[in-house]
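Asks: Right, I'll just put the structure down here and ask away after.
2 protein chains.
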Amino acid sequence: MTILGMPETAVAPLVRAVAEAPDRAAVAERFARAAWSRVVEPGDGDAGRLVAENGAEAALAALVARVRGEGAAGAPVIPPSALERWRPRVDAARVQLDLRQAARFAVSLVIPGDPEWPTRLDDLGEHAPLALWVRGDRARLRALRRSVAIVGARAATAYGEHVAMEAAAGLVDRGIAVVSGAAYGIDGAAHRAALAGQGATIAFLAGGVDTFYPSGHDGLLRTIEQRGAVVAEVPPGVSPSRWRFLQRNRLIAAATGATVVVEAGWRSGSINTAHHAAQLGRPVGAVPGPVTSSASAGCHRLLRESDAMCVTSAAEMAELLGEDGVGDGVAPAPLDADRLSATRMRLLDAMSTRAGRAPEQLAAISGLAPDRIRAELGLLELEGLARQRPSGWIRTVAESAAAR
Amino acid sequence: MTILGMPETAVAPLVRAVAEAPDRAAVAERFARAAWSRVVEPGDGDAGRLVAENGAEAALAALVARVRGEGAAGAPVIPPSALERWRPRVDAARVQLDLRQAARFAVSLVIPGDPEWPTRLDDLGEHAPLALWVRGDRARLRALRRSVAIVGARAATAYGEHVAMEAAAGLVDRGIAVVSGAAYGIDGAAHRAALAGQGATIAFLAGGVDTFYPSGHDGLLRTIEQRGAVVAEVPPGVSPSRWRFLQRNRLIAAATGATVVVEAGWRSGSINTAHHAAQLGRPVGAVPGPVTSSASAGCHRLLRESDAMCVTSAAEMAELLGEDGVGDGVAPAPLDADRLSATRMRLLDAMSTRAGRAPEQLAAISGLAPDRIRAELGLLELEGLARQRPSGWIRTVAESAAAR
Chain A
-15 MTILGMPETA VAPLVRAVAE APDRAAVAER FARAAWSRVV EPGDGDAGRL
35 VAENGAEAAL AALVARVRGE GAAGAPVIPP SALERWRPRV DAARVQLDLR
85 QAARFAVSLV IPGDPEWPTR LDDLGEHAPL ALWVRGDRAR LRALRRSVAI
135 VGARAATAYG EHVAMEAAAG LVDRGIAVVS GAAYGIDGAA HRAALAGQGA
185 TIAFLAGGVD TFYPSGHDGL LRTIEQRGAV VAEVPPGVSP SRWRFLQRNR
235 LIAAATGATV VVEAGWRSGS INTAHHAAQL GRPVGAVPGP VTSSASAGCH
285 RLLRESDAMC VTSAAEMAEL LGEDGVGDGV APAPLDADRL SATRMRLLDA
335 MSTRAGRAPE QLAAISGLAP DRIRAELGLL ELEGLARQRP SGWIRTVAES
385 AAAR
Chain B
-15 MTILGMPETA VAPLVRAVAE APDRAAVAER FARAAWSRVV EPGDGDAGRL
35 VAENGAEAAL AALVARVRGE GAAGAPVIPP SALERWRPRV DAARVQLDLR
85 QAARFAVSLV IPGDPEWPTR LDDLGEHAPL ALWVRGDRAR LRALRRSVAI
135 VGARAATAYG EHVAMEAAAG LVDRGIAVVS GAAYGIDGAA HRAALAGQGA
185 TIAFLAGGVD TFYPSGHDGL LRTIEQRGAV VAEVPPGVSP SRWRFLQRNR
235 LIAAATGATV VVEAGWRSGS INTAHHAAQL GRPVGAVPGP VTSSASAGCH
285 RLLRESDAMC VTSAAEMAEL LGEDGVGDGV APAPLDADRL SATRMRLLDA
335 MSTRAGRAPE QLAAISGLAP DRIRAELGLL ELEGLARQRP SGWIRTVAES
385 AAAR
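Top to bottom, those sequences are chains A and B. Note that the numbering used here has the first sequence beginning at -15, numbered continuously upward. Note that the numbering used here has the second sequence beginning at -15, numbered continuously upward.
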């Protein structure tokens, strides 16, 4: 039996080194998706549609045939513009090399239908990734089901890194996974704090997971690999590029339940991640900061120009998931003004803690009717907030301290 | 002729010392409104309705008659509960004293219909003030027509005071008056910066304007009196109280085109001002700050729980008035990603500034079709962003510096 013209016995071991593939169909599907992730740039809608309509294997077979100048009646139709884009990269040897390279780095291939596949990615429709290359235990991708993306500037301030760490620590305390892009600054702070809190954390890279980028985060990414997962939609060997960074951002936004931007310059990749999240209907949070800090300008821009919610704590970030922000201590009390009726406030204002006053005097001072005053004084006395002395009514010190 | 039972010749000089009153009717109206502002607490809706329906003089005459146990058929009806509230304060001698005291402090009385009356206050309906006691040139109240309230915590941080000063300076630079409550902290910083910028600034006090409160701001309030105005709806001699502070906040919100909260604790009078503004349909701005600062917690609460707009500069505060935030330098450029088409970004990503590459090579690297690449390279060459060398196409350094 052959798979895309190659003997199954040659292809199967390569595939089985990176994925479970019990039969020919599974081997072919996985090989084809690995090939597609090499042939197209992330987010290629033509490829997404073609694979969705025909399956990865049939779609790839049609592409290979067209590249060879062969055409079969009834075969899937490759759009001419897409054919021109894909043709230079159709290379079976290259895909075999990708699979070997993946096996060498203990990378596994996860595709739609696998139990670990993050089904939220399917919301991307024809722009969904065709496969994920995962370094670390693929089972940990399940943590994405309850996850928040914490993203932000590489040029973060100490304030931003502090907030990212508090946020990540508070989220993993609540059993929520922290997802980010492993960049310097906010991303790194979020991953580190999640790891320190013994929580789940997942890094999405713009380039292949065989190369940990940025190199200064090699140690961090090794730890994430051991205790979380490092994920890319491009195969090993692909370098990061601006386009791939933007497409990686869409993955972070799509894979998580909510996206929080901690610090971001006015033009920032994190703003791009937030826009992706908003387009997918995912809640977006923006952490405010000093208006004097350009590192917070992008967050304030999101608060002004989008539906982003102002978030100031892990509890508020957890709320973005539609969960209660439980575990963050007591709920704040309402305003004084809400608690104290206007009548009571005006009466207490008119009373002294030392000079006793008659109800008539209190009426003149407060502008309340004497009958109302007498009734309210009775209540205040019962509550221990007022006392009657020979000289008249006084306010007790307790009320003074509590309500002022 | 008599006015409320007193000889006109006795009343007129008192009134004329604080307001223009060319005839008996004007004298009576002003005296009656002065009296009402003594009898009722700020925001008394019963008084507002009664005066709106009957005029201040007739309403007061009816009240006086009822207090004396007289009743005239056809006279305005005083609600019994209101009568009980007002009765202890009905005292003609006290009103005459108020007017004398006002004259001594060069306070003028401004009432609805006067050219200086801030007509925005009428939006308060039956809770509008019945008169304003103004220290400083009453003509300066006209500056309220284009004004922003800057309010905030007394326990402000250096950050908050800095932002308040920048905001006030930027607003008066645009010819917008700065209104606040003369408290320590944000209020004081806003007034001071407005004065430093030679701008209009108006302070609303919770107590009578004969006493400058807080006393530590005596010098500041004297300067505001000389160059702006100090205003209260209660007559001279009335002390501030919690209730009157809250009602003063409603005046600040109502008198201005927009309210900006610079720093505020979770429970704060400034939140109350913002709620008043929102209820009146006035735009509210909240200045973000560090989430680690409790002084910004109230601002973040407004951003989360109300329609308050995040504002980070005087230009954005001016925009709340529906004006362009002109004068704050150039508008920020759009995101890089917006400016650069996806094709161009992917092609530039694939090019090197040193190694020449053929279009076919660039196609394989970028995942773009070779024809598309050739067309785009032509455009890039025209724009000086790419150059053809014997070895192939390179990206020019200028693009590299500008777009990265």
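Cβ coordinates follow ideal geometry from the N, Cα and C atoms, glycine included. Here the structure is a predicted model, which means the values were calculated and not measured.
1. Tell me which residue opens and which closes the alpha helix (DSSP H) that A:Ser254 is part of.
2. Counting only beta-carbon separations shorter than 8 Å, does B:Arg73 have a partner in chain A?
3. Got a sec, what are the start and stop residues for the beta strand (DSSP E) A:Val271 sits in?
4. Spatial neighbours of A:Arg389 within its chain, please: CB distance less than 7 Å, with the 5 preceding and 5 following residues excluded, ordered by chain position.
5. In whole angstroms, what separates the C-alpha of B:Gly109 from that of B:Gly32?
6. Run through chain A and tell me which residues come within less than 7 Å of B:His260, C-beta to C-beta.
7. Would you mind working out which of B:Val268, B:Thr327, B:Met329 and B:Cys283 sits nearest B:Ala302, comparing C-alpha positions?
8. Taking Cβ positions, are B:Val11 and B:Val48 nearer each other than 8 Å?
9. Hey, quick one: how far does the alpha helix (DSSP H) through A:Ile95 stretch, first residue to last?
10. Does chain B have any CB closer than 8 Å to the CB of A:Leu352?
11. Along the stretch 55 to 72 of chain A, where does the CB come closer than 7 Å to a CB of chain B? Name the residues.
12. B:Pro102 to A:Gly154, Cα distance in whole Å?
13. Report yes if the C-beta distance between B:Trp20 and A:Asp333 is below 8 Å; otherwise report no.
14. What residues from the stretch 220 to 236 of chain B come within 7 Å of chain A, judged by C-beta to C-beta, listed N to C?
15. Short of 9 Å Cβ to Cβ, which residues in the stretch 169 to 199 of chain B face chain A?
16. In the DSSP output, what is B:Gln372 paired with across the bridge?
17. In angstroms, rounded to a whole number, what distance separates the CA positions of B:Pro343 and A:Val222?
18. Are the beta-carbon atoms of A:Ala261 and A:Ile255 separated by less than 8 Å?
19. Is there at least one Cβ from chain A nearer than 8 Å to B:Thr380's Cβ?
20. I'd like the ranges of any alpha helix (DSSP H) spanning at least 4 consecutive residues and lying wholly in the stretch 38 to 66 of chain B.
21. Does A:Ser278 get closer than 8 Å to chain B when you measure Cβ to Cβ?
22. Which ranges does the beta strand (DSSP E) cover as unbroken runs of at least 3 residues, wholly within the stretch 104 to 167 of chain A, from first to last along the chain?
23. Determine whether the Cβ of A:Asp333 lies closer than 8 Å to any Cβ atom of chain B.
24. Does DSSP put B:Arg341 in a helix, a strand or coil?
25. Consult DSSP for B:Pro(-9) and reduce its assignment to one of helix, strand or coil.
26. My understanding is that B:Arg50 touches B:Ile62, with C-beta atoms under 8 Å, so please give their C-beta distance in whole angstroms.
27. Can you check whether the CB of B:Gly165 is closer than 8 Å to the CB of B:Ile236?
28. At a CB-CB cut-off below 9 Å, which residues of chain B make contact with A:Asp107?
29. Which same chain residues, not among the five before or five after B:Arg0, have their C-beta less than 8 Å away from its C-beta?
30. Do you know how far the Cα of A:Gly120 is from the Cα of A:Glu(-8)?
31. Excluding the 5 residues preceding and the 5 following B:Ala347 in the sequence, name in chain order all residues of the same chain whose CB lies nearer than 7 Å to its CB.
32. Should A:Glu289 be labelled buried (16 or more other beta-carbon atoms within 10 Å of its own) or exposed?
33. Give me, in chain order, the residues of the same chain whose beta-carbon lies closer than 8 Å to that of B:Leu287; leave out the 5 immediate sequence neighbours on both sides.
34. Roughly how many angstroms separate the alpha carbons of A:Pro391 and B:Gly376, rounded to a whole number?
35. What residue range is occupied by the uninterrupted alpha helix (DSSP H) comprising A:Phe15?
36. Run through chain B and tell me which residues come within less than 9 Å of A:Arg288, C-beta to C-beta.
Replies: Reading from the atomic positions:
1. Taking the first residue of the first sequence as position 1, residue 254 of chain A is located at position 270. Taken as a continuous stretch (DSSP letters only), the alpha helix (DSSP H) holding A:Ser254 covers Gly253 to Gln263.
2. Counted from its first residue, the second sequence places residue 73 of chain B at position 89. Yes, B:Arg73 counts as interfacial toward chain A.
3. By one-based count along the first sequence, residue 271 of chain A stands at place 287. Run containing A:Val271: none; DSSP gives neither H nor E here.
4. Lying outside -15 to 388, the shown extent of chain A, residue 389 of chain A is not represented and no answer is given.
5. For this step, residue 109 of chain B is matched to residue 125 along the second sequence. For this step, residue 32 of chain B is matched to residue 48 along the second sequence. A straight-line Cα-Cα distance of about 8 Å links B:Gly109 and B:Gly32.
6. Along the second sequence, one-based indexing puts residue 260 of chain B at 276. Ordered by position in chain A, no residue passes the 7 Å Cβ test against B:His260, which lies about 11 Å from the chain.
7. Counted from its first residue, the second sequence places residue 302 of chain B at position 318. The residue with the shortest Cα to Cα distance from B:Ala302 is B:Val268.
8. Along the second sequence, read from residue 1 onward, the residue named residue 11 of chain B stands at position 27. Along the second sequence, read from residue 1 onward, the residue named residue 48 of chain B stands at position 64. Contact flag unset, no.
9. Taking the first residue of the first sequence as 1, we reach residue 95 of chain A at position 111. Note, A:Ile95: premise wrong, no alpha helix (DSSP H); not H, not E.
10. By one-based count along the first sequence, residue 352 of chain A stands at place 368. Chain B contact via Cβ: present.
11. Flagged, chain order: Ser65, Glu68, Arg69 and Pro72.
12. As a first step, residue 102 of chain B is located in the second sequence; it is residue number 118 there, counting from the start. As a first step, residue 154 of chain A is located in the first sequence; it is residue number 170 there, counting from the start. About 50 Å.
13. Here residue 20 of chain B refers to the residue found at position 36 of the second sequence. Here residue 333 of chain A refers to the residue found at position 349 of the first sequence. Note that the C-beta distance between B:Trp20 and A:Asp333 is not below 8 Å.
14. Within the stretch 220 to 236 of chain B, contact with chain A at the beta-carbon level (separation under 7 Å) is assigned to Ser225, Arg226, Trp227 and Leu230.
15. Listed by position, the residues of the stretch 169 to 199 of chain B near chain A (Cβ gap below 9 Å) amount to none.
16. Here the question's residue 372 of chain B lines up with position 388 in the second sequence. Answer by DSSP bridge pairing, in chain order: B:Trp377.
17. Taking the first residue of the second sequence as 1, we reach residue 343 of chain B at position 359. Taking the first residue of the first sequence as 1, we reach residue 222 of chain A at position 238. Approximately 19 Å, taken between the alpha carbons.
18. Taking the first sequence and counting its residues from 1, one reaches residue 261 of chain A at position 277. Taking the first sequence and counting its residues from 1, one reaches residue 255 of chain A at position 271. In this structure, A:Ile255 does not lie closer than 8 Å to A:Ala261 by Cβ.
19. As a working mapping, residue 380 of chain B is identified with position 396 in the second sequence. B:Thr380 is outside the set of residues whose beta carbon lies under 8 Å from a beta carbon in chain A.
20. Residue ranges of uninterrupted alpha helix (DSSP H) with 4 or more members, entirely inside the stretch 38 to 66 of chain B and ordered along the chain, are 40 to 51.
21. Here residue 278 of chain A corresponds to residue number 294 of the first sequence, with the count starting at 1. It does not; no Cβ of chain B falls within 8 Å.
22. Restricting attention to beta strand (DSSP E) runs no shorter than 3 residues, the stretch 104 to 167 of chain A encloses them at 116 to 119, 131 to 135 and 161 to 164, ordered along the chain.
23. For the purposes of this step, residue 333 of chain A is identified with residue 349 of the first sequence, where counting begins at 1. Interface with chain B (8 Å Cβ-Cβ cutoff): A:Asp333 is included.
24. For the purposes of this step, residue 341 of chain B is taken as the residue at position 357 of the second sequence. When secondary structure is reduced to three states using DSSP, B:Arg341 falls in the strand class.
25. As a first step, residue -9 of chain B must be located in the second sequence, where it is residue number 7. Of the three classes helix, strand and coil, the one that applies to B:Pro(-9) here is strand, per DSSP.
26. On the second sequence, residue 50 of chain B is found 66 positions in, with the first residue counted as 1. On the second sequence, residue 62 of chain B is found 78 positions in, with the first residue counted as 1. Between B:Arg50 and B:Ile62, the beta carbon gap of about 5 Å places them in contact (Cβ cut-off 8 Å).
27. Counted from its first residue, the second sequence places residue 236 of chain B at position 252. Counted from its first residue, the second sequence places residue 165 of chain B at position 181. Closer than 8 Å, so yes.
28. Walking along the first sequence from the start, residue 107 of chain A turns up at place 123. For A:Asp107, none of the residues of chain B pass the 9 Å Cβ criterion, the least Cβ distance being about 21 Å.
29. Position 16 of the second sequence, counted from the first residue, corresponds to residue 0 of chain B. Within the same chain, Val11 come within 8 Å of B:Arg0 by CB-CB distance, once the 5 residues on both sides are set aside.
30. Numbered from its first residue, the first sequence carries residue -8 of chain A at position 8. Numbered from its first residue, the first sequence carries residue 120 of chain A at position 136. One C-alpha to the other measures close to 27 Å.
31. Position 363 of the second sequence, counted from the start, is the residue given in the question as residue 347 of chain B. Closer than 7 Å at the Cβ level, and outside the excluded window around B:Ala347, lie Ala353, Pro354 and Ile357.
32. In the first sequence, residue 289 of chain A corresponds to position 305, counting from 1. Looking at its Cβ environment, which holds fewer than 16 other Cβ atoms inside 10 Å, A:Glu289 is exposed.
33. The sequence position of residue 287 of chain B within the second sequence is 303, counting from 1. Answer for B:Leu287: Ala270, Pro272 and Cys294, listed in chain order.
34. There is simply no residue 391 of chain A to check, as chain A begins at -15 and stops at 388 in what is shown.
35. In the first sequence, counting from the first residue as 1, residue 15 of chain A sits at position 31. Where A:Phe15 is concerned, the enclosing alpha helix (DSSP H) starts and stops at Arg8 to Val23.
36. For this step, residue 288 of chain A is matched to residue 304 along the first sequence. Per Cβ cutoff of 9 Å: Met293, Cys294, Val295, Thr296 and Glu300.
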